[in-house]
Each structure stands twice: as structure tokens, then as C-alpha cells.
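Okay, structure first, notes after.
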Amino acid sequence: MSRGPRKTLDEKIVAKEELIGALTSRIESEKQELAEMYREKRNIQLESIDNLLEEWALSPQEAEEALRRYVDQREEAV
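Each residue of the sequence shown is one higher than the one before, counting from 16 in the working numbering.
What follows is the structure in C-alpha cells.
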């Protein structure tokens, strides 16, 4: 039983190019969505840090100094 006329090689090429174009668009869209998720995650983390600073009544400068001291002490221990 025949399935209909066979596609020519040119028709197959055009179909494959269209498929690749659609997939490329999809990949770009997914990349943008992933980048937005990373931005959202970073904002949530920064908000959490900001809440801790507020809770502990630390200025950003005080927190930076404390972190620098902590990192220096860790490096000295190694």
C-alpha cells in the first residue's frame, strides 16, 4: 500500500532547515527562561542576606569586614 508521493530531496532539505530553525528558536527561548530563573534565584539569595543584615543590625560595610576577617582566618588555618 502506497503512503503517498515521496518527497523530493529539496523538500526534505527545506523541511529539515525549518525544523532546525524551530529548534534553534526553542533553544534560545529556553536559555532566556533559564537565565531569568538564575536571576530570580540570585535575588532571593540577596534578599535573604539583606534580611540577615537587618536582623543583626549590620551595615554592608560591617558585614564585608566580618567576611574578610573570616576568609583571612580560614586561609591562615590552611
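We put the CB at the ideal spot given by N, CA and C, even for glycine.
No experiment lies behind these values; they were computed from the predicted model shown.
Within 7 Å, strictly: CB atoms of residue i and residue j
{"i": "A81", "j": "L68", "result": "no"}
6 Å CB neighbourhood of residue i in its chain, flanking five on each side removed
{"i": "L73", "result": "none"}
Delimiting residues of the alpha helix (DSSP H) encompassing residue i
{"i": "R21", "result": "Here R21 belongs to no alpha helix (DSSP H), and DSSP marks it neither H nor E."}
{"i": "V86", "result": "P75 to A92"}
Cβ-heavy atom distance, residue i to the ligand PLP, below 6 Å
{"i": "S44", "result": "Because no ligand of any kind appears in the structure shown, any question about the ligand PLP cannot be addressed here."}
Own chain partners of residue i with C-beta closer than 7 Å, once the 5 adjacent residues on each side are dropped
{"i": "M52", "result": "none"}
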